[in-house]
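Student: Numbering-wise, the sequence shown is residues 1 to 228 according to this note's numbering.
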Amino acid sequence: MTGHTRFFSTLAIIAATAAPAAAADLKVTFAKSEAGGRLPAENASCMVTPQARDTPAKNLSPGLSWTKGPKGTRSYALTMVDQDVPADLSKFNRQGTSYPADAPRVEFVHWLLADIPANVTRLAEGADGKGLPKGGLALERTDHGRRGQNGFAAFMKDGPYGGYHGACPPWNDERPHRYRLTVYALDVDRLTLPDTFARADLLAAMKGHILAEGAAELTYSTNAKAGK
């Protein structure tokens, strides 16, 4: 082996040793789903009835579980995001209009929890949301984690909007909405977060601390013709 060959071989070994390992996978499971991978109506904040297309629903936070994180896991965090909110909200539930399936989309946050204790790998249905209290739930630390602020705070302006606030896509949207729930296994007990934290704050605080992650996804729509 020449001197140059030995030099570059040594660099390759150092680089391979220094490279961080890819995050392992967690298996995330919703406790309940309907046919076709649909979010049950009781986990939504609105539903269709014979009387109205946007009737308030039970808004129960979904029951879920996930596999235990790898060695070194000291807490978990979770996010639940609607990936299909129309970018233009001017037609939201407006009679005589519709959003085509290919309309531009943005994400919308429905649930954030940080600092979930390492011995918690299951949340019962309704554990972090039940009904539609004005202003949502308090931004506080609970036995099952610290609540972040969901996306409704930016629109409603009448409360902190902590905890879970379920699906309520526009009834004039031709695309079923995908609700993606991601769980992260972290190497710290508590993250450094502001008193009121949003998803961007959570993602920034978790950077460099994620040991594993996993996701599960369900769809929901209030338009019977969506996806057809």
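By construction, the Cβ of each residue, glycine as well, lies at the ideal position given by its N, Cα and C atoms.
The structure displayed is predicted, hence computed values, not measured ones.
Quick one: is residue 47 buried, meaning 16 or more other Cβ sit within 10 Å of its Cβ, or exposed?
Tutor: Buried is the call here.
Student: Terminal residues of the continuous alpha helix (DSSP H) containing residue 180?
Tutor: Not the alpha helix (DSSP H): residue 180 falls in the beta strand (DSSP E), residues 177-186.
Student: Give the secondary structure of residue 82 by DSSP, where H, G and I count as helix, E and B as strand, and everything else as coil.
Tutor: Three-state DSSP puts residue 82 in a strand.
Student: Residue 155 lies in the beta strand (DSSP E); which residues open and close that run?
Tutor: Premise fails: residue 155 lies in the alpha helix (DSSP H), 153-156, not in any beta strand (DSSP E).
Student: Ordered along the chain, which non-local residues of its own chain (more than five positions away) have a Cβ less than 8 Å from that of residue 18?
Tutor: Residue placement at residue 18 is flagged as unreliable, the pLDDT there being 37, under the threshold of 50; a coordinate-derived value is accordingly withheld.
Student: State the Cα-Cα distance for the pair residue 182 and residue 200, rounded to the nearest angstrom.
Tutor: Rounded to the nearest angstrom, the two C-alpha atoms are 14 Å apart.
Student: Between the segment 146-158 and the segment 102-121, do three or more beta carbon pairs fall short of 8 Å?
Tutor: Counting Cβ pairs under 8 Å, three or more are found: they touch.
Student: Could you give the DSSP three-state label for residue 45: helix, strand or coil?
Tutor: Of the three classes helix, strand and coil, the one that applies to residue 45 here is coil, per DSSP.
Student: Based on DSSP bridge pairs, tell me the residues matched to residue 145.
Tutor: Residue 145 is bridged to 142.
Student: Specify the secondary structure class of residue 113 as computed by DSSP and reduced to three states.
Tutor: It is a strand residue.
Student: So residue 72 and residue 202 are in contact, right, with Cβ under 8 Å, and what is the actual spacing, rounded?
Tutor: Residue 72 to residue 202, Cβ: 20 Å. No contact.
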